[in-house]
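Below is one structure, written out as structure tokens; comments come after it.
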Amino acid sequence: MAKRLALMLMIFLVLGASCKGHTHGGPGPSPSGHGSEPTHLHFYFYEKVSGPSPSAVTMVNPPDNTSNTLFGMVVVLDDLLTVGPNPRSKPVGRAQGMYVSSDQTRIGLLMATNNGSMITVLGSNHIVDDVREMPIE
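Just so we're aligned, residue 1 is where the sequence shown starts under the numbering used here, counting upward by one.
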């Protein structure tokens, strides 16, 4: 149980850290007619897992309590996104969706997150890797 709590804490600390998203335009002109220009997104992602009004709730616990990767865990989230590192900084949206611990050999999450409109993140997030890429549509 202690190993599982430590792993959950590590997952939530990583998710609570600064998240950056970058998207680069493909070939051809941009809608503005000025050629391809990259769009850079920078925001902070906050996840509250305990206390009153948590923003992330475990819906399905791992079936095997001995799993080091929490394989099978399903979490539903509605997390705050802000412009700065302080949770009280200006909100820019919410990350709503779920993540599933979907790897039996290493810590990794299948994340399906959106804000209900324009931006969608769907992909595998190996949270202990130094460099990670997540597709943003």
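C-beta atoms are modelled at their ideal positions from N, C-alpha and C, and glycine is treated no differently.
Bridge-paired residues (DSSP) for residue i
{"i": "Asn68", "result": "None; Asn68 has no bridge partner."}
{"i": "Ile136", "result": "Val121"}
{"i": "Val60", "result": "Val74"}
Separation of residue j from residue i, as counted between CA atoms
{"i": "Gly138", "j": "Val76", "result": "For residue 138 there is no data in the structure shown, the boundaries of the chain being 1 and 137."}
{"i": "Glu137", "j": "Val121", "result": "7 Å"}
{"i": "Leu109", "j": "Gly97", "result": "13 Å"}
{"i": "His126", "j": "Pro54", "result": "24 Å"}
{"i": "Glu133", "j": "Ile107", "result": "15 Å"}
{"i": "Asp129", "j": "Met73", "result": "20 Å"}
{"i": "Gly84", "j": "Lys90", "result": "7 Å"}
{"i": "Thr58", "j": "Asp64", "result": "15 Å"}
When the options are compared against residue i, the one with the closest alpha-carbon
{"i": "Ala95", "options": "Ser102, Thr58 and Phe43", "result": "Phe43"}
{"i": "Ser67", "options": "Gln104, Val131 and Leu41", "result": "Gln104"}
{"i": "Pro62", "options": "Ser124, Gly123, Tyr99 and Pro135", "result": "Tyr99"}
{"i": "Thr39", "options": "Val131, Ser124, Gly123 and Ile119", "result": "Ile119"}
7 Å CB neighbourhood of residue i in its chain, flanking five on each side removed
{"i": "Gly123", "result": "Met111, Met134 and Pro135"}
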